[in-house]
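There are 4 protein chains.
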Amino acid sequence: MRVLVWNEGVHEARQQPANIGYYYPSGIHGAIADLLSRRLPDAKISTATLADDQFGLAENSLDQTDVLIWWGHIAHEEVPHEVVHRVQEHVLGGMGLIVLHSGHHSRLFRALMGTTCNLQWRNAGERELVWTVAPGHPIARGIPSPLVIPHQEMYGEHFDVPRPDDVVFISSFAGGEVFRSGLTFTRGNGRIFYFSPGDQDYPVYLQPEIGDVIANGVLWASPGDSPRGVTPVVNPNQGWFESS
Amino acid sequence: MRVLVWNEGVHEARQQPANIGYYYPSGIHGAIADLLSRRLPDAKISTATLADDQFGLAENSLDQTDVLIWWGHIAHEEVPHEVVHRVQEHVLGGMGLIVLHSGHHSRLFRALMGTTCNLQWRNAGERELVWTVAPGHPIARGIPSPLVIPHQEMYGEHFDVPRPDDVVFISSFAGGEVFRSGLTFTRGNGRIFYFSPGDQDYPVYLQPEIGDVIANGVLWASPGDSPRGVTPVVNPNQGWFESS
Amino acid sequence: MRVLVWNEGVHEARQQPANIGYYYPSGIHGAIADLLSRRLPDAKISTATLADDQFGLAENSLDQTDVLIWWGHIAHEEVPHEVVHRVQEHVLGGMGLIVLHSGHHSRLFRALMGTTCNLQWRNAGERELVWTVAPGHPIARGIPSPLVIPHQEMYGEHFDVPRPDDVVFISSFAGGEVFRSGLTFTRGNGRIFYFSPGDQDYPVYLQPEIGDVIANGVLWASPGDSPRGVTPVVNPNQGWFESS
Amino acid sequence: MRVLVWNEGVHEARQQPANIGYYYPSGIHGAIADLLSRRLPDAKISTATLADDQFGLAENSLDQTDVLIWWGHIAHEEVPHEVVHRVQEHVLGGMGLIVLHSGHHSRLFRALMGTTCNLQWRNAGERELVWTVAPGHPIARGIPSPLVIPHQEMYGEHFDVPRPDDVVFISSFAGGEVFRSGLTFTRGNGRIFYFSPGDQDYPVYLQPEIGDVIANGVLWASPGDSPRGVTPVVNPNQGWFESS
């Protein structure tokens, strides 16, 4: 199992918010990689950022990735369309994808969804309760219901995404809003998990249960030893009844 | 459009809770019929209860019904299995069905779902906020988001039903719980809408927006002039390629 | 109800295949408009092609359209991305969309699906049988099962689209292949119906049952008098519990 | 992994059809167990029939089962309702279930689906082609598309089941009919796979690719080490916001 944790890394580079280095001394990607390496000791966990060569998303890197984790927020438009297309092809060909929090507005997620991916939001550090609504789903295994996040940005409905395969989690916020916070999708041969908790302002990615969810997501989204590649266009000369 | 509002009517007969006659002088079924008759002036609205002949669910009555509305709570087990089976056949044959609140545990709903339909609950008169998560769905047309219910019984996840066709509404409660409060299902040729607001203790069925949701549900669930009947077992002697 | 039948119109302009003018003297768009005007006498049916001003897809034209029908084949790449984006926004805002046959590879459909939309194909004029698998769906109303198309291009699985809302039709071909030939999707507030029968080589759009399916699709996809517009990004300062 | 292959076993006991003992000397259950034991060497494979104590479905037997495989045809009504209910509870609590062929009309499958499960059929020994329509699904892993079954009973649409989670396979028959032949469902915490190939008249369960599909189904449906049990009814006295 090879996991690539990709983070735009711009908040960290600019030290905005000021406390980001306090919570995430090795960046949000470093914190997520740390959560995963403790839970998936046999996995090979790598990290990459927008500042890396080829935006951290080179073809040979994606070729070696079973599950890609995506965190982005203020630099979505700096990921070139051709790079987005490259990653999308890998997802359609079977690479798992986990999109976190503000990644909902990334070019990649919007290209895979086909919708605006708009939502409501309010950054007031309020309590989020993440409730399990699909307790038999592998991503929910061992996760408390509710999972309590003391301080979080509110994401609220309506979240403009296509009908998901499964609604795994639904959150409520102190303000009363609700959000489908854990959603699965299949696109081509690829499995996609969107999980909304996590923000540059709060130490959500230091919380053990959050690590459990993301690790479950990695296990679920991995294609294992399935062959990679998109559905081909095929033009057989003969039908099966004629050819036999 | 012919709508039959069925209510077990046992709370009303026993005058339990004591204020049920205050809120619902003509019964919960009467209140719902009133909401509908104002919104669907061309519809023929009837009511029936468990105390009626054939439990209010005679074959010739169901034959004349486009959409059945179901409210039950403490007398689920008094509806005989053969009557449940009869109603189920009508739903599979195309009759629309709207199941309200504690009807989630009715024999009819459980037979159509195949699951326990269990959930969490707490009767503390707390505020429910009903958020729209499928704004393009006909049932959400004109409904405010959130729809605020000042005092309600809490219903919470996990709600053990099969994956719905659409999650139209999700509620949060003052206590922090969430619930998929508006769900659609298709079974056979029948459309089913489950809507959780409403209780014998609170005047939810006097609230105009609740009437709007139920009326939208009736319009959505109605089979119109589609022929009624379940999918038949057919045993053709010849395949299409041989027979032409 | 205002329907816009859009056809790239390139086969007709080039008179390729040679018999296209025999089957479709007013173009494929003209034939489809003719089918619809007989079935939906109160609808306003317009046509447009790639050769028209603004590629036949001007903003004020889309503003006046309830349901857009899309036929394209050899000129997909000539529809500029900004025009595709404009149409996509209208679909997400509630405009119905019916994509026919080779439109599966259009930029518009691929943008809405997020997948390759690849499939198998063979142009051998073989018989297609279109079977209904969702008899209670409004699009299947009054359609024979199977609907027999004497000569058709084969489209076969795997068809790389996301899980549809409903599989309304599945076809078999004389060669033995199968294809999910009638699929519905929701994207944003818009309803999308993909229907595979129809080709520039065969008089499929002269067949009355095909007209019935497309007319049913138009009725189903129309937003009616629902307000148009995509889900907005909203940033409320206060939660509901604080604000009341 | 503990697999229980249950077969009513009545065709075998009556030696109807006459050749059943030729194809299936140890019964259909024996043939399926043989297919599985070769593919899942670490699994514990057991068999049971209707003639066994407690109809082969004792509580302590189900307790020790991760995945139940069900084959029935002419004795559906001889499985008592209380036994059906017991098995259903185990499925809702997480036990995997694979229903084969004519098991579509079993009391168990109908109870879990809530529909008639009716379909078309014709026993003419015609060729079935099983096409993969969800190539990324674990059940499709390594399965040829099409999987060719030389002689089979035809099962055709409309198949009256609820919308499945995934349509993994669609079959065509020599006669031109189509059938959704591989379907997945989730009910409670249990995963269900319906797979239509297989009949008492034809040696389908001797075909290696059929064994591959069923073995994939077992691996997919198994709950692994997830805790077993249905969703409980819970009545918390306090909401989360009050209790903290």
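Protein chains in written order, with the UniProt record's numbering: chain Z, 1 to 244; chain L, 1 to 244; chain R, 1 to 244; chain X, 1 to 244.
All C-beta atoms, glycine included, are put in the ideal place defined by N, C-alpha and C.
Note down, in chain order, all residues in the segment 106-122 of chain L with a beta-carbon under 8 Å from any beta-carbon belonging to chain X.
A111, L112, M113, G114, T115, T116, N118, L119, Q120, W121, R122
Please list the partners that G188/Z has in chain X, where partner means a Cβ-to-Cβ separation under 8 Å.
G136
With DSSP as the reference, label N123/R as helix, strand or coil.
strand
Would you say V167/X lies against chain R (beta-carbon separation less than 8 Å)?
yes
Name the one or two DSSP bridge partners that L147/X has.
V130/X
Under DSSP, the beta strand (DSSP E) around G190/L begins and ends at which residues?
190-195
What in chain X is Cβ-close to D160/L, meaning under 8 Å?
L92, G188, V230, T231
Report yes if the C-beta distance between V67/R and G94/R is below 8 Å; otherwise report no.
no
Contact belief for V168/R with A140/R at Cβ below 8 Å, rounded distance in angstroms:
6 Å
Do A33/Z and I20/Z have their C-beta atoms closer together than 8 Å?
no
Cβ neighbours of S226/R in the same chain (closer than 8 Å, five flanking residues each side left out)
G94, N189
Would you mind sorting L206/X into buried or exposed? The rule is 16 or more other CB atoms within 10 Å of its CB.
exposed
Alpha carbons only, please: which of W220/L, E242/L, G30/L is nearest the one belonging to W71/L?
G30/L
Beta-carbon separation (whole angstroms), W131/Z vs L57/Z, contact threshold 8 Å:
At roughly 34 Å, the Cβ-Cβ gap does not stay under 8 Å, so W131/Z and L57/Z are not in contact.
Could you work out which residues of chain X lie near E157/R, taking near to mean beta carbons separated by less than 8 Å?
W131, T132, V133, S145, I170
Would you mind telling me which residues of chain Z sit closer than 9 Å to W240/X, beta carbon to beta carbon, in chain order?
R127, L129, P146, V148, S172
Would the beta-carbon of I149/R be found less than 7 Å away from any heavy atom of the ligand SAH?
In the structure on display, the ligand SAH does not appear, and there are no ligands present to speak of.
Between the CA atoms of D199/X and I170/X - distance to the nearest angstrom
17 Å
Length of the line joining the Cα atoms of A111/Z and F109/R
12 Å
Since I believe T184/X is in contact with P197/X (beta carbons under 8 Å), could you give me their beta-carbon distance rounded to a whole number of angstroms?
At roughly 16 Å, the Cβ-Cβ gap does not stay under 8 Å, so P197/X and T184/X are not in contact.
What are the start and end residues of each continuous beta strand (DSSP E) run of 3 or more residues lying completely inside the segment 48-82 of chain Z, in chain order?
67-71
Strictly under 8 Å for the Cβ-Cβ distance: is R180/X near chain R by that measure?
yes
Could you check whether the Cβ of S226/L sits closer than 8 Å to any Cβ belonging to chain R?
yes
Compare the C-beta of V176/X against all C-beta atoms of chain R and say whether one is closer than 8 Å.
Note that residue 176/X corresponds to Gly in the displayed sequence, not to Val. It does: the Cβ of G176/X has a partner Cβ on chain R nearer than 8 Å.
Please name the residue in A134/X, G239/X, A18/X, A124/X whose C-alpha comes closest to that of R122/L.
G239/X
Could you check whether the Cβ of R86/Z sits closer than 8 Å to any Cβ belonging to chain X?
no
First and last residue of the beta strand (DSSP E) that includes I98/L?
96-100
Please compile the residues from chain L whose C-beta is within a distance smaller than 7 Å of the C-beta of P236/X.
Q120, R122
R141/Z, DSSP secondary structure in three states:
coil
Rounded to the nearest angstrom, what separates N216/X and A43/X at their Cα positions?
13 Å
Y155/L bridges to which residues according to DSSP?
W121/L
Distance CB(H90/L)-CB(L62/L) smaller than 8 Å
yes
Identify the contact partners of R163/R in chain Z, using a Cβ-Cβ distance below 7 Å as the criterion.
D165, T186
Would you list the one or two residues that DSSP bridges to S171/R?
V130/R, F179/R
Which first and last residues belong to the beta strand (DSSP E) in which L4/L is found?
2-7
Where N237/R falls, given that 16 or more other Cβ within 10 Å makes a residue buried:
exposed
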